[in-house]
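So in the numbering used here, the last spot in the sequence shown is 344, and the numbers never skip. Glycine is no exception: its CB is placed at the ideal position from the N, C-alpha and C atoms. A quick write-up on the structure given underneath.
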Amino acid sequence: MNGHVDSSLGNSIKIPAAVSGSNKTHLIPVAVMKPNSGVKQEETQEVVTPSTKDETITNSQRVWTSLAAGAIAGGAAKTTIAPLDRTKINFQISQQPFSAKAAINFLVCTYKNDGLLSLWRGNSATMVRIIPYAAIQFTAHEQWKRILNVDTPNSSKEKRFLAGSLAGVTSQAMTYPLDLARAQMAVTQKDEFSTLRQVFVTIYRKEGIAAFYHGFTPTILGVIPYAGCSFFFYDMFKNLFTVYAVNSPGLLAVSGLLSGAVAGMVGQASSYPLDMVRRRMQTSSLRNQQNLGVIAMTKKIYGEEGVMSFYKGLSMNWVKGPIAVGISFATYDLVKDFLRKIAC
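Listed below in structure tokens is the structure:
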């Protein structure tokens, strides 16, 4: 559908025929003064968005720039919200009701008992996991979009959602043992697990190699809607900002953060109950509990704590989720565009 242009406006935007998963070149009609006539005349100017540059690079360049940008983005986002992440995990694996007051009390007590850096306990394990995870996820998303031909004007919404979901599944499958180790470090004291290596050795000796995949099924079931929604809504909102905020540099500058924040909220809401189940499965051995499957663990949580327990800590996720996803997507776009500008 072509946008109607009112030539009486100083600047106006022609809406593109289709909003695709990545930015394209847009024609921006601009009213200009015809020389010596005093009459305004419409001309069009091309606004070249980053994806136009992307079309000129090779796939190998696309891969390594995505890997590097994704690694930096993931590390920056997770380090920012690490104290909130640790707080959320501790409430997820306990029967203590969650509240803002209880969360603040946990942070204060942790600081008083173990010092400021203890709030980032488990973050080293998080970095070991999130750097390859984010690098693989962002790169896989670009590759799945290419394979599914998502960036064409006629690509379906279902394919865009599928590309995001497959990216999440790909990265989660390749890095899951690191996520399990990170969860166990986050809920134990330093004298129990002092290093990531110690976590792996202890798990292997006590339970064997299969223990590294406790909670894998709900993780995959959760990452499908989470990653699908996150990438889908980020691409959609980023495109809308690119088109409608072209004359608002300030708004355009923060479009990545805003788009990522909204995408993060939608993604979190769609998958949070499964996140609760996987955390319980990942840490059950630490509490000398029987290792249960997805259905059995779901029934156990419901029977002992009720349906609302599946959303324990969700309010904290409304705070940390948008921050983390917004920082992650915005940083990824900035670093990726910078690398492709100087190296490709």
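Decide if residue i is buried, meaning its Cβ has at least 16 other Cβ atoms within 10 Å, or exposed.
i: K320; result: buried
i: Q172; result: buried
i: T195; result: exposed
i: I93; result: buried
i: L162; result: buried
i: T229; result: In the sequence under discussion, the amino acid at residue 229 is Cys, which differs from the Thr named in the question. Counting Cβ neighbours within 10 Å, C229 comes out buried, since at least 16 surround it.
i: F329; result: buried
i: F338; result: exposed
i: G21; result: Caution is warranted here: a pLDDT of 41 is assigned to G21, below 50, making its placement in the model unreliable, and the coordinate value is therefore given only provisionally. Label assigned to G21: buried.
i: I209; result: exposed
i: N149; result: exposed
i: M308; result: exposed
i: T56; result: exposed
i: G306; result: exposed
i: A100; result: exposed
i: K312; result: buried
i: K88; result: buried
i: S156; result: exposed
Quick check on this structure: which residue in the options has the alpha carbon closest to the alpha carbon of residue i?
i: N239; options: G256, S230, S248 and G164; result: G256
i: N317; options: G267, A227, T242 and N113; result: G267
i: L178; options: F338, V262, T126 and T170; result: T126
i: L314; options: D275, A330, A343 and L221; result: D275
i: W64; options: A102, S124 and A134; result: A134
i: P273; options: T170, A82 and G222; result: G222
i: A364; options: F106, Y204 and T170; result: What is shown of the chain runs 1 to 344, which leaves residue 364 out entirely.
i: N59; options: M236, S124 and Q143; result: Q143
i: G264; options: V277, S248, F237 and M281; result: F237
i: A183; options: V169, E158, Y213 and A167; result: Y213
i: Q189; options: N90, L251, F241 and S155; result: N90
i: V187; options: F106, L148, A296 and I220; result: F106
i: T79; options: E304, R279 and A324; result: A324
i: I121; options: Q95, P83 and F232; result: Note that residue 121 is Arg in the sequence shown, not Ile. Out of Q95, P83 and F232, P83 has the C-alpha closest to the C-alpha of R121.
i: A296; options: K312, L286 and R278; result: R278
i: R62; options: I136, V294, G306 and A211; result: I136
i: G164; options: S285, R340 and I220; result: I220
For chain B, find out if any of its Cβ atoms is closer than 8 Å to the Cβ of residue i; answer yes or no.
i: V262; result: The structure shown contains no chain B; it is built from a single protein chain.
Quick one: what does DSSP say residue i is sitting in, helix, strand or coil?
i: H214; result: coil
i: F420; result: It is not possible to answer for residue 420, since the shown part of the chain is limited to 1 through 344.
i: T49; result: Residue confidence for T49 is low, a pLDDT of 46 falling below 50, so the modelled location carries little weight; the figure read from the coordinates is stated next. In the structure shown, T49 sits in coil (DSSP, three-state: anything other than H, G, I, E or B).
i: Q96; result: coil
i: S255; result: helix
i: Q299; result: Inspection of the sequence shows that residue 299 is occupied by Lys rather than by Gln. K299: helix per DSSP, three-state reduction.
i: R278; result: helix
i: Q189; result: coil
i: T195; result: coil
i: N347; result: Summary: the structure shown does not reach residue 347, with the chain confined to residues 1 through 344, and so no result is reported for it.
i: K336; result: helix
i: G168; result: helix
i: Q289; result: coil
i: R121; result: coil
i: K238; result: helix
i: L221; result: helix
Taking just the CA atoms, how far does residue j sit from residue i?
i: S270; j: P225; result: 6 Å
i: V335; j: A69; result: 5 Å
i: Q290; j: T283; result: 11 Å
i: T298; j: E207; result: 22 Å
i: V243; j: L258; result: 15 Å
i: R146; j: T139; result: 11 Å
i: Y302; j: F310; result: 8 Å
i: R129; j: D85; result: 14 Å
i: Y111; j: L117; result: 8 Å
i: I81; j: L119; result: 10 Å
i: M281; j: N154; result: 42 Å
i: V169; j: L251; result: 33 Å
i: S248; j: Y332; result: 22 Å
i: F98; j: P322; result: 20 Å
i: R160; j: N123; result: 32 Å
i: V201; j: E192; result: 12 Å
i: F232; j: F241; result: 14 Å
i: D114; j: V108; result: 10 Å
i: V199; j: S285; result: 12 Å
i: I104; j: A73; result: 27 Å
i: R197; j: M185; result: 11 Å
i: D151; j: L292; result: 42 Å
i: K300; j: V294; result: 10 Å
Which whole-angstrom value describes the C-beta separation of residue i and residue j, a residue pair presumed to lie in contact below a C-beta threshold of 8 Å?
i: P132; j: T175; result: 6 Å
i: Y234; j: G260; result: 6 Å
i: A102; j: A167; result: About 35 Å; that fails the 8 Å criterion.
i: A76; j: I342; result: Not a contact, Cβ separation roughly 20 Å.
i: Q96; j: E304; result: Between E304 and Q96 the Cβ distance is about 13 Å, and since that is not below 8 Å, they are no contact.
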